[in-house]
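Asker:
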């Protein structure tokens, strides 16, 4: 039993879109960042699918790099989020709009 | 078993297939500049951690400048190799050593030589101790270098992240200031978002071409005539989004003004220079050398991006009263000019873009350094009114800033003139007349806001009656006179003469300057400039004038860089 | 040795680079000595290069030294480089030589000036610019030098900028030169448009493909530049006003070197003039008219320097007469000898002015011969030279010019001959009024000059010869003025050194004259007779009398009212027009348009900035909108 690759790609595209929309509609910075993770993983799924379809190991290896980068982003991102919201408890991304124009 | 998708593919293939582990040959000399930066960064970090008491910021700055010089030398050695032996790939074909890459290695090295000087003065004034700025700058620089020499989309992605993540932190370096944190948060969220889009673009491109290696993609595309593959074009579009975000092209620019304004000023200058260098390096390489067969598809998109970027950057900058934010918008305008060269997609266009990026890096670093100096403690206030009378209070600083601004406006006898000239000329040669005209128009609009700052600096009185031509003329004359006076003191003859000449030429432009708040702030802010900042400014202004009067060496450098692709 | 040519302009530039920042600290007289030594060194290098060039076979006496590509774009490729050929080396030799002498003189002349170092800074920059002008291997670099000498001239005329006349004279020189420069620049555009190059050698090799009307236009546009720079009618009035500058400046810039740049340019473009004889005739007629008007005006001046200034205008007219006739060798010959005797006369005048404590009115002088023997004798030699008394240098060079003029048109010769008579006369008048006759000044007379002016002393007048810094140049220049004719003697074919030396450059384009030996003798006798008649006339009229109103009509004193007319009809009309455009056109029409565009731009900017809400969300939305637009574009492309 095999599922055609296009299903995986569609799922990945769907996940990617959900992530993007989530980033647009949510206000909690942490949740926004989780949406970015979702998008990255959608890209990973695409990589793996194509690697299988092309019978090429390169796409699968790329996933590791994306995961590492995602981890690094989490580290830095959490640091920044903590630094900002230490002074405002329960703040959302929308509370930071001092810079505009 | 194909085992040929770059370093990783080869590695993994050998692991899985032959049973033995065969590492690719690592030719360290090809990534020596990057290694110097990263190794030096580790040493600085270790020294900072092991030192019993905090080291003064100048020590780190000196070390960083030294590393910049070392990587510059290493880059020039590579340049010699490339010019004598031609371009080659290394480390399982994931690294390109060609003129194009080395050009950007040189640009990044130069940024790393100048930027720490500006940072040292600022960090000392602000009382920010520690090695963070320098360490982050070095990491970021190595990321930009990887982007420039990468021959693999995955490596470009890694370079992009190595470049960007330190920039997020740099934006939030001054955590006592709320704006700095806000800038970091915005940059981070949007940056991560654009990275995700970029990765997805790589995935789609990989799926359509079967490789992430640029050379292999290029070979694949030349074997198979693909013009309307949705996956490939979609992937390409998303790649473009990632790059456009990094270089702040409209409509992916919206983070730029806020982040530039909120970040500590030397960090702003650094990120403006570095992110554009890295972003444009990868953008130009990927689109011009890897996807030339799809040019008919991407050229119109770049055309639109360039126009939007040129126009919006100039038009919104003109209504800013905050000089720092104005410069942020002006950097968007500059990105549009670099895109002109990409749109032309000719050797001349690319050479023009390279030249532009180099010139712009030094201009923007120097400009933000002056902004940092005038802005006062804690980046308190960057309103244009703070610049009033600067020509009298700090004539040398004001003339230096005037030269940098005039260069950004494209005044003759500065590098800015030739940089604009070459990209516009390339656009004309490529028959993109509309684009060339719009670019010239935006340069004209841009001249307003640069000159506005220049006039304010050299005027002592309020300029509420801004539409008074004769008054404006008087101020221009005074600007010239001050410039001339300073010229005699400092023998920066051509700068002063050029400045006054240009000011005279554009005298009527003055009428369009927005009215300033009437005079009412008699207390003039104290402006202090440390020797470090002075040294950096001398370098930036000197390069602007020297290569403005004698542009050919840099032009040749950029031109050769495009020949040895 | 030829390869050392780059040092020729570089040494004065080095002087400028040192003096500009450190001049004041180096002080007086060290800064002056640095400037002088560097220019003298440049002269030595020039002579060595000259000799090296001379050793080459005549056909190989052209050497281009390319430094670097200055800027390049498309077809336009402007290099920075030197063209070393007989013409440029002749110019460079006399420019550096005369400059070195005048630098030396200035050390004495400017001794008491508070801005001593600044003066030498400008002088060195001037010498550098002048050398770039003559040595450049392309029009653009020459134009760079052309503008450079103009700027230096402005700075030096207005050197005593606290004097109203000096400041306005500087401005006037600038404006008159700008008019000419506009023509010059247009000429360059036309050259580039027609030949696709601005390199001298390349341009001249491509002239065959250029139509005659274009060549005439090019020649006349460049001549317009020369008219401004070399003070020909109608743009000559600035030169008389320029005498407000220090006297060494008048000698160096406004007599010997800069004002001859136009003549040099005409000789340089001799291939163009050769193919455009109509332009040549225009130039010749302008030249002879200027010569006549200048000479007549000089007859009525009372300022010691203004006589010399109008004389310079007149002599420059001769040079253009020669260049326009196609007698380039004669033009260069006269340029050289003129540089010697006119620099000598100016320096002598400077010496007199020093002695008279800044009084420049020749009516207040007289009887200086015994008190200032060196000055008087050298001035006398200068007078005989310019008058064309045989065997002084002017006799040979002016004779050469007039002889060639005859070959083009006897009318040109006739006007030139009358002018020659006038030349001998007005210089005689000046000599008699200054050095002979009774003393019209008193030793006890309190000076009326401004106490702040240089050289002021509160004592009475005690005229005496100047210090050695000033005497040595006088003597050297006097020797050159007397012997300069040896450069190019007629009669025997192997005595015309200058003609044979310049032959590789201008030889093919020279006017061919065929005078028999007898005719040549006739010309020589006529020239000598005119000169002696002029000298005699001056002696008979001015030996005893100092006041002859009939001979000094206001019409001539005002230089044919040309300046007045230009001021009246051009400048005032221009001012009125400018005022009209500033008040009506500018404020109503242009301002309206500019303000309209400006407010449109600002309105758009104001609207666009509202998109920048400050919310991350809206920025992400903008990003997504961009992505969606791009994906839509991709879908459309794939679908179609």
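Protein chains in written order, with my numbering: chain A, 1 to 101; chain B, 1001 to 1565; chain C, 2001 to 2640.
C-beta: ideal position from N, C-alpha, C; glycine also.
Quick one: which chain C residues come within Cβ less than 7 Å of residue 99(A)?
Answerer: For the purposes of this step, residue 99(A) is identified with residue 99 of the first chain, where counting begins at 1. Correct list: 2614.
Asker: Three or more beta-carbon pairs under 8 Å between the segment 2323 to 2331 of chain C and the segment 2304 to 2314 of chain C, yes or no?
Answerer: With the cut-off at 8 Å, the segment 2323 to 2331 of chain C and the segment 2304 to 2314 of chain C do not touch.
Asker: CA-CA distance, residue 2016(C) and residue 2254(C)?
Answerer: Here residue 2016(C) corresponds to residue number 16 of the third chain, with the count starting at 1. Here residue 2254(C) corresponds to residue number 254 of the third chain, with the count starting at 1. If I take the Cα positions, the gap works out to 20 Å.
Asker: Nearest to residue 1406(B) by CA position, among 1219(B), 1444(B), 1056(B) and 1381(B), is which residue?
Answerer: Walking along the second chain from the start, residue 1406(B) turns up at place 406. Residue 1444(B) is the option with its Cα nearest to residue 1406(B).
Asker: Taking the straight line between their C-alpha atoms, what separation do you get for residue 96(A) and residue 2620(C)?
Answerer: Position 96 of the first chain, counted from the start, is the residue given in the question as residue 96(A). Position 620 of the third chain, counted from the start, is the residue given in the question as residue 2620(C). Near 14 Å, if we compare the C-alpha coordinates of residue 2620(C) and residue 96(A).
Asker: Can you list the residues of chain B that residue 2416(C) reaches, using a CB-CB cut of under 7 Å?
Answerer: The residue given as residue 2416(C) occupies position 416 in the third chain. Near residue 2416(C) there are no residues of chain B at all, since even the closest Cβ is about 42 Å away, more than 7 Å.
Asker: Residue 1212(B) and residue 1152(B) look like a contact to me (Cβ under 8 Å); what is the Cβ gap, rounded to whole Å?
Answerer: Position 212 of the second chain, counting from 1, holds the residue named residue 1212(B). Position 152 of the second chain, counting from 1, holds the residue named residue 1152(B). 5 Å between Cβ atoms; contact.
Asker: Identify the continuous beta strand (DSSP E) that holds residue 2084(C) and give its terminal residues.
Answerer: Counted from its first residue, the third chain places residue 2084(C) at position 84. Looking at the DSSP string, the run of the beta strand (DSSP E) that includes residue 2084(C) is 2076 to 2084.
Asker: Please report the straight-line C-alpha distance between residue 2359(C) and residue 2346(C), rounded to a whole angstrom.
Answerer: Stepping through the third chain from its first residue, residue 2359(C) is reached at position 359. Stepping through the third chain from its first residue, residue 2346(C) is reached at position 346. Their Cα atoms are separated by approximately 15 Å.
Asker: I'd like to know if residue 2457(C) contacts chain B, where contact means its C-beta is closer than 7 Å to some C-beta of that chain.
Answerer: The residue given as residue 2457(C) occupies position 457 in the third chain. In this prediction, residue 2457(C) scores a pLDDT of 48, lower than 50, which makes its location untrustworthy; the coordinate-derived value is nonetheless stated afterwards. For residue 2457(C), the answer is no, since every Cβ of chain B falls outside 7 Å of its Cβ.
Asker: Mind checking residue 1379(B): buried by the 16 CB within 10 Å criterion, or exposed?
Answerer: In the second chain, counting from the first residue as 1, residue 1379(B) sits at position 379. Counting Cβ neighbours within 10 Å, residue 1379(B) comes out buried, since at least 16 surround it.
Asker: Have a look at 1058(B), 1092(B) and 1178(B) and flag the residue whose alpha-carbon is nearest the alpha-carbon of residue 1023(B).
Answerer: As a working note, residue 1023(B) is residue 23 in the second chain. Here the closest residue by C-alpha is 1092(B).
Asker: Where residue 1035(B) and residue 1142(B) are concerned, what is the direct C-alpha to C-alpha distance, given to the nearest angstrom?
Answerer: Walking along the second chain from the start, residue 1035(B) turns up at place 35. Walking along the second chain from the start, residue 1142(B) turns up at place 142. Cα to Cα, residue 1035(B) sits roughly 8 Å from residue 1142(B).
Asker: In chain A, what lies closer than 7 Å to residue 1387(B) by C-beta?
Answerer: By 1-based counting over the second chain, the position of residue 1387(B) is 387. Result: empty, since nearest Cβ-Cβ is about 19 Å, beyond 7 Å.
Asker: Applying the criterion that 16 or more other CB atoms from any shown protein chain within 10 Å of the CB defines a buried residue, is residue 2354(C) buried or exposed?
Answerer: In the third chain, residue 2354(C) corresponds to position 354, counting from 1. Residue 2354(C) should be labelled buried.
Asker: Identify the contact partners of residue 2146(C) in chain B, using a Cβ-Cβ distance below 9 Å as the criterion.
Answerer: Translated into positions along the third chain, residue 2146(C) becomes position 146. Those within 9 Å of residue 2146(C) in chain B number zero; the least Cβ separation is about 16 Å.
Asker: In chain order, what residues of the same chain have a beta carbon less than 7 Å from the beta carbon of residue 39(A), not counting five sequence neighbours either side?
Answerer: Start at 1 with the first residue of the first chain, and residue 39(A) comes out as number 39. Taken in chain order, the residues that qualify are 16, 19 and 20.
Asker: Residues in the same chain with beta-carbon distance under 7 Å from residue 2108(C), minus the five sequence neighbours each way, listed in chain order, please.
Answerer: Your numbering for residue 2108(C) matches position 108 in the third chain. If we look at residue 2108(C) and ignore the five residues flanking it on each side, its Cβ neighbours are 2466, 2467, 2469 and 2470.
Asker: Name the two residues that bound the continuous alpha helix (DSSP H) containing residue 1943(C).
Answerer: There is simply no residue 1943(C) to check, as chain C begins at 2001 and stops at 2640 in what is shown.
Asker: Need the endpoints of the alpha helix (DSSP H) that residue 2389(C) sits in, please.
Answerer: As a first step, residue 2389(C) must be located in the third chain, where it is residue number 389. Per DSSP, residue 2389(C) belongs to no alpha helix (DSSP H) and is neither H nor E.
Asker: Which first and last residues belong to the beta strand (DSSP E) in which residue 1088(B) is found?
Answerer: Position 88 of the second chain, counted from the first residue, corresponds to residue 1088(B). 1088 to 1090 is the extent of the beta strand (DSSP E) around residue 1088(B).
Asker: Measuring only between beta-carbons, confirm whether residue 2075(C) sits less than 7 Å from chain B.
Answerer: Position 75 of the third chain, counting from 1, holds the residue named residue 2075(C). So, not an interface residue.
Asker: Anyone know if the C-beta pair for residue 1360(B) and residue 1334(B) falls short of 7 Å?
Answerer: Here residue 1360(B) corresponds to residue number 360 of the second chain, with the count starting at 1. Here residue 1334(B) corresponds to residue number 334 of the second chain, with the count starting at 1. Cβ distance < 7 Å, so residue 1360(B) and residue 1334(B) count as in contact.
Asker: Using a cut-off of 7 Å between C-beta atoms, extract the partners of residue 1261(B) located in chain A.
Answerer: For the purposes of this step, residue 1261(B) is taken as residue 261 along the second chain, with counting starting at 1. Result: 99.
Asker: Contact defined as beta carbons within less than 8 Å: I believe residue 1136(B) pairs with residue 1057(B). What is the distance between those atoms, to the nearest angstrom?
Answerer: On the second chain, position 136 is the one that residue 1136(B) refers to. On the second chain, position 57 is the one that residue 1057(B) refers to. So it is not a contact: roughly 14 Å between Cβ atoms.
Asker: Quick one: using the 10 Å Cβ neighbour count with 16 as the cut-off for buried, is residue 2003(C) buried or exposed?
Answerer: For the purposes of this step, residue 2003(C) is identified with residue 3 of the third chain, where counting begins at 1. That one is exposed.
Asker: Mind listing the chain B neighbours of residue 2589(C)? Cutoff is C-beta to C-beta under 7 Å, in chain order.
Answerer: Along the third chain, one-based indexing puts residue 2589(C) at 589. Chain B residues near residue 2589(C): none, gap ~12 Å exceeds 7 Å.
Asker: Pairing CB atoms from the segment 2273 to 2288 of chain C with CB atoms from the segment 2210 to 2218 of chain C, are three or more of them under 8 Å?
Answerer: With the cut-off at 8 Å, the segment 2273 to 2288 of chain C and the segment 2210 to 2218 of chain C touch.
Asker: Closer than 7 Å, Cβ to Cβ, to anything on chain A: give me those residues from the segment 1209 to 1225 of chain B, in chain order.
Answerer: Result list: 1210, 1211 and 1212.
Asker: Please return the same chain residues whose Cβ sits closer than 6 Å to the Cβ of residue 2555(C), not counting the five positions on each side in sequence.
Answerer: Your numbering for residue 2555(C) matches position 555 in the third chain. Taken in chain order, the list of residues that qualify is empty.
Asker: Do residue 2292(C) and residue 2225(C) have their beta-carbon atoms positioned less than 7 Å apart in this structure?
Answerer: What you label residue 2225(C) is simply residue 225 of the third chain in a count that begins at 1. What you label residue 2292(C) is simply residue 292 of the third chain in a count that begins at 1. Their beta carbons are not under 7 Å apart, which means residue 2225(C) does not touch residue 2292(C) by this criterion.
Asker: Let me see if you follow: with CB-CB separation under 7 Å, is residue 94(A) close to chain C or not?
Answerer: Against the first chain, residue 94(A) aligns to sequence position 94. With 7 Å as the cut-off, residue 94(A) counts as an interface residue toward chain C.
Asker: Just by C-beta distance, which residues in the segment 2603 to 2630 of chain C are closer than 7 Å to chain A?
Answerer: Flagged, chain order: 2609, 2612, 2613, 2614, 2615, 2616, 2617, 2620, 2621 and 2624.
Asker: Cβ closer than 9 Å: which chain C residues qualify as neighbours of residue 9(A)?
Answerer: Position 9 of the first chain holds residue 9(A). Those do not exist, as residue 9(A) stays about 15 Å from chain C at its closest Cβ, beyond 9 Å.
Asker: Beta-carbon of residue 32(A) versus every beta-carbon of chain B: anything under 7 Å?
Answerer: The count along the first chain starts at 1 and reaches residue 32(A) at position 32. Interface residue, yes.
Asker: Any C-beta of chain C sitting closer than 7 Å to the C-beta of residue 1302(B)?
Answerer: The residue you call residue 1302(B) lines up with position 302 of the second chain. For residue 1302(B), the answer is no, since every Cβ of chain C falls outside 7 Å of its Cβ.
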